[in-house]
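Numbering (the numbering used here), first residue to last: 133 to 855. The C-beta atom is built at its ideal place from N, Cα and C for all residues, glycine as well. The structure appears right after this line, and notes come after that.
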Ligand code: NOJ
């Protein structure tokens, strides 16, 4: 044991984490404990030196403001981090290191598709790899903790933050969330190439009224449990280190004061032993939300509710000690928060390796990180219509590339890109030039113009890259109209009027109303914001080197007026099938079902589905399993990947259950003419739900399985469950 370790026995790495935490906690004054619960933004080694040396700052996040996702900043400076850390570790009484966090959301320097684009891959392994690449780059800059994944179920496209989500279904979001947690954290959180993850925003944030960010949420506990809490539970089961509270209220109780959901459900029922972090000034906002008269009252509500770390409100630092001394807050609550925070720091190895030191490597994109980003960008391409124009045949003539994103760089990153650099992006025009040379390519000036309309005549096919600027999605960026941004549809109409083939590529942070675009274009690709490999991925897909295989992770409503639409619609007294038209209670002025359903996506070949069948009976007893299978044949003349989706419907339950719910999926990679079999093992617990008393149950009775290419179509089979 070193001299340091005998003076500070919690520094002895041979002791268990619990022992180290308890040894340290026993030494701490109330003020030092409160210091651990205080997080500040953009720590500065000189300005904050005294507070650091006084043990008054437990954590810092690097973000330039409350809505950092759409604000670029100067980046994380490892040297700054180490200088600040030195004050905490070497000048404070107990030497507790500071935990540094940053929003590393879909890549760090190597920017990958936005989370909604990653979700379109349906690819758990790929998504884990993207998170692992991001973590390995972030540690170079001294980041120890990220505020991702966002796992708010998203069925409200007006809400800008759907871009950060993993879509609308609990099983897809939950599995991808678990994969991201694993990618960021690995199985050993102290592994130096990994960082702590944070599942956010707990809970119900995706239901903000009217799609307005931060708005109120009116949802019952049953719907929360049957849908919105499930991805969080999956993240907790995957060992996520931290959970962030949401800005919204749930049925009148702001989440930063929601004792039942935070303390009883998350920490109690689920046994979550990690840290609950506030969102930016989320504790302070309890005053704005009108449930606390002042910051002191807000601190009281939040600590009682179970918020362990105060992000940027200063309320704990200002009032927690006094609240304990006055007897209003039990010190045991503060101890519980500090225990969790210290445990995280020990688990991350911060006490053993507090400094970043000289960069261990550059974090600039490498061949390997670009290869990951390229595969992820390919998988984010969802082909939603094609009359056969795609892929463009070799020698198909002159291609005209136009639209506001033809030469785009940083615009193709999407929201939450704090550390990506424009110079790393391969723009669509760059990739098309590399492939076609000057002769066969016309590029309009990057903006739609008279010139771009005229060039349609000079080319054999036009590829128009349109859609949303990243500032139109992400935090605080909601819209009232999910049509294409102003002017774009009109311009596409002009392009199509000339009568030459038109391919439309839509970069977007949300589902858009695409009906008119689908009607006028020969092919439409929905690509989200794809990251540094945007151009290469698009060229690979358009020219057929790679076949598109992404699927929509959210329903695309026909119009803004159809929102909300999702597969989770529940049966009413007058609606019993998702695709049923002509029933009372439907719209008078439009069809009701979505233009593009959840799970939809084409490729360059076609598939024919057989009938869903069971291997070994239709009875699902106790913990037993049944295997169901469906044959799929590639009926086209190109190889392709089919994402076979297994959904279910529970026709009779204690509460109304979704008309369709995804339960599993499988990839089939099939050569032309090849027949493959998708096989799914199902267990009764996959059909568990929360009943009228909000406890989980599996009922005896029928479960209808549906296997097909998306949420609306498929072959059915009934199973009998005997729990
Ligand atoms: C506010 C956002 O809601 C949250 O998602 C983010 O992690 C924090 N700001 C920190 O930047």
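Assigned exposure category for residue i - 16 Cβ within 10 Å defines buried
i           : result
residue 807 : exposed
residue 759 : exposed
residue 182 : exposed
residue 405 : exposed
residue 366 : buried
residue 301 : buried
residue 496 : exposed
residue 197 : exposed
residue 590 : exposed
residue 784 : exposed
residue 552 : buried
residue 211 : exposed
residue 413 : buried
residue 607 : buried
residue 519 : exposed
residue 623 : buried
Pairwise C-alpha distance: residue j and residue i
i           : j           : result
residue 263 : residue 409 : 21 Å
residue 828 : residue 837 : 20 Å
residue 503 : residue 534 : 27 Å
residue 477 : residue 190 : 10 Å
residue 610 : residue 292 : 5 Å
residue 207 : residue 550 : 7 Å
residue 428 : residue 391 : 17 Å
residue 588 : residue 788 : 52 Å
residue 157 : residue 474 : 8 Å
residue 422 : residue 221 : 39 Å
residue 176 : residue 402 : 37 Å
residue 273 : residue 747 : 52 Å
residue 417 : residue 522 : 51 Å
residue 129 : residue 215 : Missing from the structure shown is residue 129; the chain here goes from 133 to 855 and no further.
residue 407 : residue 226 : 21 Å
Top-ranked residue by Cα proximity to residue i, from the options
i           : options            : result
residue 539 : 667, 424, 485      : 667
residue 386 : 360, 316, 430      : 430
residue 766 : 810, 537, 780      : 810
residue 841 : 739, 158, 244      : 739
residue 377 : 315, 254, 149, 284 : 284
residue 201 : 697, 296, 684      : 296
residue 464 : 475, 443, 435, 737 : 435
residue 672 : 524, 816, 393      : 524
residue 774 : 515, 484, 312      : 515
residue 826 : 358, 137, 210, 239 : 358
residue 241 : 415, 761, 268      : 268
residue 327 : 817, 237, 166, 832 : 237
residue 679 : 342, 657, 698      : 657
residue 361 : 379, 234, 484, 398 : 398
residue 751 : 432, 851, 700      : 851
residue 501 : 233, 629, 265, 372 : 265
residue 252 : 331, 146, 161, 643 : 643
residue 724 : 489, 691, 483      : 691
residue 381 : 371, 352, 455      : 352
Ligand 1 heavy atom lying under 6 Å from the CB of residue i
i           : result
residue 123 : Any property of residue 123 remains undetermined from this structure, which presents the chain solely from 133 to 855.
residue 548 : no
residue 195 : yes
residue 733 : no
residue 235 : yes
residue 411 : yes
residue 292 : no
residue 190 : no
residue 279 : yes
residue 200 : yes
Beta-bridge partners of residue i, as assigned by DSSP
i           : result
residue 195 : In the DSSP output, where bridge partners are listed per residue, residue 195 has none listed.
residue 781 : 836
residue 99  : Lying before the first or after the last residue shown, residue 99 is absent from the chain, which here runs from 133 to 855.
residue 850 : 836
residue 386 : 381
residue 518 : 655
residue 686 : DSSP lists no partner for residue 686.
residue 773 : 801
Cβ of residue i within 7 Å of any chain C Cβ
i           : result
residue 647 : As a matter of chain content, chain C is missing from the structure shown, which is built from one protein chain.
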